[in-house]
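Let me begin by presenting the structure, written as structure tokens, before commenting on it.
Number of protein chains: 2
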Amino acid sequence: MSLNTNRVGNHPGSGHDPSQSTTISIPFSPETMHEVCRPPAKTTFQKLRHKLSEVFFPDDPLHRFKNQTCANKIMFALRFVFPIFEWAHSYNFGLFRSDVVAGLTIASLAIPQGISYAKLANLPPVIGLYSSFVPPMIYAVLGSSKHLAVGPVSIASLVMGTMLNDAVSYSSDPVLYLKLAFTATFFAGLFQASLGFLRLGFIIDFLSKATLVGFMAGAAVIVSLQQLKGLLGIVNFTSKMQIIPVLSSAIEQSDEWSWPTIVMGFGFLACLLTTRQIGLRKPKLFWVSAAAPLASVILSTFLVALFISKLPNIATIGQLHKGLNPPSSNTLYFHGEFLAVAVKTGAVTGLLSLTEGIAVGRTFAALKNYQVDGNKEMIAIGLMNMAGSCSSCYVTTGSFSRSAVNENAGGQTAMSNIIMALTVLVTLLFLMPLFKYTPDLILAAIIVTAVIGLIDYQSAFGLWKVDKLDFLACLSSFFGVLFVSVPVGLTIAVGVSIFKILLHVTRPNTSVLGCIPGTQIFQDLVRYRDAHRVPSFVILGVEAPIYFANCTYLQERIFRWLREEEDWNAANNGSLLKCVIIDMTAVTAIDTSGLAMVNELRTMLEKRSLQLVLVNPTGSVMEKLHQSNNLASFGPNGLYLSVGEAVADISSSWK
Amino acid sequence: MSLNTNRVGNHPGSGHDPSQSTTISIPFSPETMHEVCRPPAKTTFQKLRHKLSEVFFPDDPLHRFKNQTCANKIMFALRFVFPIFEWAHSYNFGLFRSDVVAGLTIASLAIPQGISYAKLANLPPVIGLYSSFVPPMIYAVLGSSKHLAVGPVSIASLVMGTMLNDAVSYSSDPVLYLKLAFTATFFAGLFQASLGFLRLGFIIDFLSKATLVGFMAGAAVIVSLQQLKGLLGIVNFTSKMQIIPVLSSAIEQSDEWSWPTIVMGFGFLACLLTTRQIGLRKPKLFWVSAAAPLASVILSTFLVALFISKLPNIATIGQLHKGLNPPSSNTLYFHGEFLAVAVKTGAVTGLLSLTEGIAVGRTFAALKNYQVDGNKEMIAIGLMNMAGSCSSCYVTTGSFSRSAVNENAGGQTAMSNIIMALTVLVTLLFLMPLFKYTPDLILAAIIVTAVIGLIDYQSAFGLWKVDKLDFLACLSSFFGVLFVSVPVGLTIAVGVSIFKILLHVTRPNTSVLGCIPGTQIFQDLVRYRDAHRVPSFVILGVEAPIYFANCTYLQERIFRWLREEEDWNAANNGSLLKCVIIDMTAVTAIDTSGLAMVNELRTMLEKRSLQLVLVNPTGSVMEKLHQSNNLASFGPNGLYLSVGEAVADISSSWK
């Protein structure tokens, strides 16, 4: 059949010649008409089961167990619970050699970072080393990532330090502070493992990449400024974490500035930043930046030890006791006034460290083309933190910088974590007295070097270029963290992200479609300049689920499109509208408010002598149209599988 | 060209014969290949402007002013601000006669209801009459609905009574209570008018119909039980609003039960409920239910006046002073400890009464085929409440029951509101002493009769049948109101509604598509039993925006579909997969996390020697793919306008 169609006049006044009109042919024959099917009938229980399995088990974790012998099932179950069995049986000397090199390399980074990050959390330096021993051993058995290097990380350390410090300061009551830190670690682990067990891992997806870019940059700025304490040699520094008190404290305490500390601190900082740049620019020289922190620690310790009599003002770590992790399960704190602080700190640090660990694990898995199971990773990270809390460790997770070094140094399996842990063990048992003269300034310099890489201004610029609302989420978490606090910053950013989803649903895109000549393809008239209007029809595309939040808007918008199309017709060819077709392909769901709206729309259009036709509703929409008896009121000519069939059949019925 | 396709074997073990295989032809010729267009280029400012105009001005409110003379523009502006000018110039005696009948009818309902609802808000009865005089006059000038009958309503009265009573009780400090009531009314009006002025009317859409069904039923149950005070003649009744204290108070105070009150109260209640049923069953007899309240008031007042000496236990309204609304603007309260209560009460009652007013206005507009402008209605309702708060009125809005009576009685314009207000004026000036012996029990019976209609169990059953999550929202607001409080119940219900949107985005529907023989239509294999797989291709449909909240899920789900398709192929024909096509028609938006996911997916599939092809991305997705340089990496064979073209072109390139 052939139809006379009208050339699109996009926007009013866009300069098109409205009189231009061509005759195009839509390929169509009545015998090719197709019915719109409903999904296979299911009981409420089946639907609920399907929905729950999609929500909680989208990856079908038990698919490997299907159609297997009993022995195989047991083996798979063992591997499922302890991923170490995935690789242990095929482990060989070649892999071991690679892992030893990688393990020693990350240990050289983990020891100075462990000490530094513990200071960031206001904890004694040795806790950082304890935390680099027990958790990596446990992760090596339970974790499914081959490249994740486990230990304390800057963000979680910072957040724990800030949140606990608001309740009690380490200097005034060190025993209580330690108790709270271990308890918070326990709750962080419990929270992480529960998310994994309950398969609620998707909750961390709500901390979108945009949010994290802003959050990490804000945290990096705050942490770097906090290090002015060590780099300037200030003794009485503020313990607040907002940018204004930190900066004013650094300036007000200028009488405490120690020039030898400043010269040495900024000198080492410059060296570390230079080696970091070298590592970034030439990936082959990654070992320069990987070895730099340990080298700086050794060098600065020597310098201070040699000149200690002449430089009494330089603060050092001081005497550290040799020995393994003491048990701490007896210090866990499950009652009393500070329990709420510990639980809240645990939840926030748990969530943040989980997000970092999972993101890092996924990044390297994608790079090396294997898959990590998010929920299993959560259980592994959670259990290692729970075990850590009983052995004097604080919150740990997979660190981005050390995992990158691990991968660069050739790490092949989780064995590199074991090698690292054993190296830390040797340090704890024999090398602790060597840190006596290690200056605080070098720890500050190491922290600044580590966190400065978290300021990802290129990603932020990318967000601005591509998605302004993502950029807004990024900015709000950045400024929230900088000026208010970590939980507030994160809450605002998650709020902005959710607002974005709601805005998208509340104000969806709608468009008038036209036919692309010679095809049955109907597309947006504004976007496809060769698409033509079909006379007597208004074909509308709706790009959203029809929900309570948008059904009023959609009704108003549809009537506005109708008015505009009527105006266009009156101005151009005087033809009358007879039929409104709604292309439901992108209407992914409908609720009871939406169903009422569709029904009301049909009645209102009927009163204006216009027929309403629905095209290609998706499965769930089709089901609900049927259940609510809406389908029946549309009649046989109210529903088609494609716009082309609808146009052809309805216009032939007018003849 | 023709392709060999495979019959769908839907679910594993669904009993299909997998060897069944047919050769179908997909109509296609290379010269009909179409390019995917990007939307016309726009600057950031243009995009922002378009987005803002869609968010705030979807109805294009100024369209009537386009291309008009200056005089016309002034006339339209006048009508725009004062809708009374829309109908005043063509008003005639016929319309007036209808409006007088309707106005007198709703006045006969409004007077007893006004007195009753004022008691519900713990206010003196006369405030209810004041509130039926000033606000209707103002609405008649500013409102755009022809059928809305304005005055106090049960829900807003109840909520105001509850929330203010938590702070201060009328019996202990009547002056402060009145001050707070007028102040709350002022803030309710301010809030309503601001929503209209700022065009934020869509906020009330978040109180979905499902939520309101549950909320109104819960409120109706509570209100009805509260009326046991009047119906049983209890003097010391609880002022709490949860179901348990109300019920236990009614039972514990059984020594205060007054049998004459009970007999008379339940007798009138039975009469009123019977007339209500008559009105519902036979719409022509609506006047029976409309006249019943006034008739009952008159009859019961007579009875009490006659037998007052023998029935001293029956509580009556008592002496009411004649006279017009006294000014109350001097009592508004803008500082001090109770300001927060007044603002909060104003916001909640304002939101609820606005929702009711707008919903009622829209219902009758749809019935009579005219449109009301939501934002203008909000301004009208807001201004009438602000004016009311300065003339001793409390919160008013459009009442469902009185509007229905208005429409039934033949009301044609807002003049019926003026007639009603004038009738109330006469009552205030001359008839007040007649209410001296009106018993409280009749007010209780009128309230029960009015609110019992709010329990819409049929709608609740419809929700259960069609949409389980809507039913859950309904239930949570019902039980929240019944057992906790009005704001908590509403917050939970809105939370459930938002959760539903987030769940839909977090776990979207995906499906494997197949070709319907003889067409270029590709549809879900599970739903369309005659659709066929295309060998070497996996064609996936994704029905959601690709956002941070679902990109991990989608990636996992796509790999699961791939695994399942590979298993199916291995079991049935041994053919190898070469190409993954994603139909993006229903992907209505994408954010930076989604773009990163698509890019990662492409890289991961490439490592498995699979080509990734996108089909028909929507305008905004196309734009972002381009801006993020993702398009370039897809190359010339990575993007098609339709699945048919993609399949045909790619499979021809393999030959």
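Chains as they are written, first to last, in full-length UniProt numbering: chain A, 1 to 655; chain B, 1 to 655.
For every residue, glycine included, the Cβ atom is placed at its ideal position computed from N, Cα and C.
Go ahead and pull the three-state DSSP assignment for residue i.
i: residue 635 of chain B; result: coil
i: residue 611 of chain A; result: strand
i: residue 532 of chain B; result: strand
i: residue 227 of chain B; result: coil
i: residue 455 of chain B; result: coil
i: residue 390 of chain B; result: coil
i: residue 579 of chain B; result: strand
i: residue 314 of chain B; result: coil
i: residue 667 of chain A; result: Lying outside 1 to 655, the shown extent of chain A, residue 667 of chain A is not represented and no answer is given.
i: residue 501 of chain A; result: helix
i: residue 439 of chain B; result: strand
Please report the straight-line C-alpha distance between residue i and residue j, rounded to a whole angstrom.
i: residue 122 of chain B; j: residue 161 of chain B; result: 6 Å
i: residue 391 of chain A; j: residue 402 of chain A; result: 23 Å
i: residue 236 of chain A; j: residue 388 of chain A; result: 32 Å
i: residue 184 of chain B; j: residue 167 of chain A; result: 39 Å
i: residue 117 of chain B; j: residue 153 of chain B; result: 7 Å
i: residue 253 of chain B; j: residue 350 of chain B; result: 35 Å
i: residue 410 of chain B; j: residue 191 of chain B; result: 33 Å
i: residue 164 of chain B; j: residue 171 of chain B; result: 12 Å
i: residue 102 of chain A; j: residue 113 of chain A; result: 16 Å
i: residue 588 of chain B; j: residue 543 of chain A; result: 6 Å
i: residue 668 of chain A; j: residue 106 of chain A; result: The structure shown has nothing for residue 668 of chain A, since chain A only spans 1 to 655.
i: residue 393 of chain A; j: residue 151 of chain A; result: 10 Å
i: residue 138 of chain A; j: residue 436 of chain A; result: 30 Å
i: residue 397 of chain B; j: residue 156 of chain B; result: 9 Å
Buried or exposed: where does residue i fall if 16 or more other Cβ atoms within 10 Å of its Cβ makes it buried?
i: residue 226 of chain B; result: buried
i: residue 504 of chain A; result: buried
i: residue 640 of chain B; result: buried
i: residue 310 of chain B; result: exposed
i: residue 658 of chain A; result: Any property of residue 658 of chain A remains undetermined from this structure, which presents chain A solely from 1 to 655.
i: residue 97 of chain A; result: exposed
i: residue 270 of chain B; result: exposed
i: residue 529 of chain B; result: exposed
i: residue 377 of chain A; result: buried
i: residue 67 of chain A; result: exposed
i: residue 201 of chain A; result: buried
Beta carbon of residue i, beta carbon of residue j: below 8 Å?
i: residue 140 of chain B; j: residue 584 of chain B; result: no
i: residue 645 of chain B; j: residue 33 of chain B; result: yes
i: residue 657 of chain A; j: residue 500 of chain A; result: The structure shown has nothing for residue 657 of chain A, since chain A only spans 1 to 655.
i: residue 83 of chain A; j: residue 143 of chain A; result: yes
i: residue 261 of chain B; j: residue 314 of chain B; result: yes
i: residue 278 of chain B; j: residue 288 of chain B; result: yes
i: residue 610 of chain B; j: residue 634 of chain B; result: no
i: residue 494 of chain B; j: residue 211 of chain B; result: yes
i: residue 553 of chain A; j: residue 636 of chain B; result: no
i: residue 550 of chain A; j: residue 607 of chain B; result: no
i: residue 358 of chain B; j: residue 196 of chain B; result: no
When you measure from the CB of residue i to every non-hydrogen atom of the ligand ATP, does any distance come out below 7 Å?
i: residue 49 of chain B; result: No copy of the ligand ATP appears in this structure; indeed no ligand is present at all.
Any beta carbon from chain C within less than 8 Å of residue i's own beta carbon?
i: residue 627 of chain A; result: This model lacks chain C altogether, as its protein chains are A and B.
Notebook entry, point to check: Of the residues that make up the stretch 537–555 of chain A, which ones have a beta carbon closer than 7 Å to any beta carbon in chain B?
Noted result: Cβ contacts with chain B: 543, 544, 545, 547, 548, 549, 552, 553.
Check: Along the stretch 429–463 of chain A, what residues have a CB closer than 8 Å to any CB found in chain B?
Finding: Within the stretch 429–463 of chain A, the residues whose Cβ lies closer than 8 Å to any Cβ of chain B are, in chain order, 462, 463.
Note to self: Tell me which residues of the stretch 363–383 of chain B have at least one Cβ-Cβ distance to chain A shorter than 8 Å, keeping chain order.
What the structure shows: For chain A, the residues of the stretch 363–383 of chain B that bring a beta carbon within less than 8 Å of one of its beta carbons are 366, 369, 371, 374, in chain order.
Next item on the list: May I ask you to list, following chain order, the residues of the stretch 490–506 of chain B that have a beta carbon less than 9 Å from some beta carbon of chain A?
Entry: Near chain A, meaning a CB-to-CB distance below 9 Å, the residues of the stretch 490–506 of chain B are 497, 498, 500, 501, 502, 503, 504, 505, 506.
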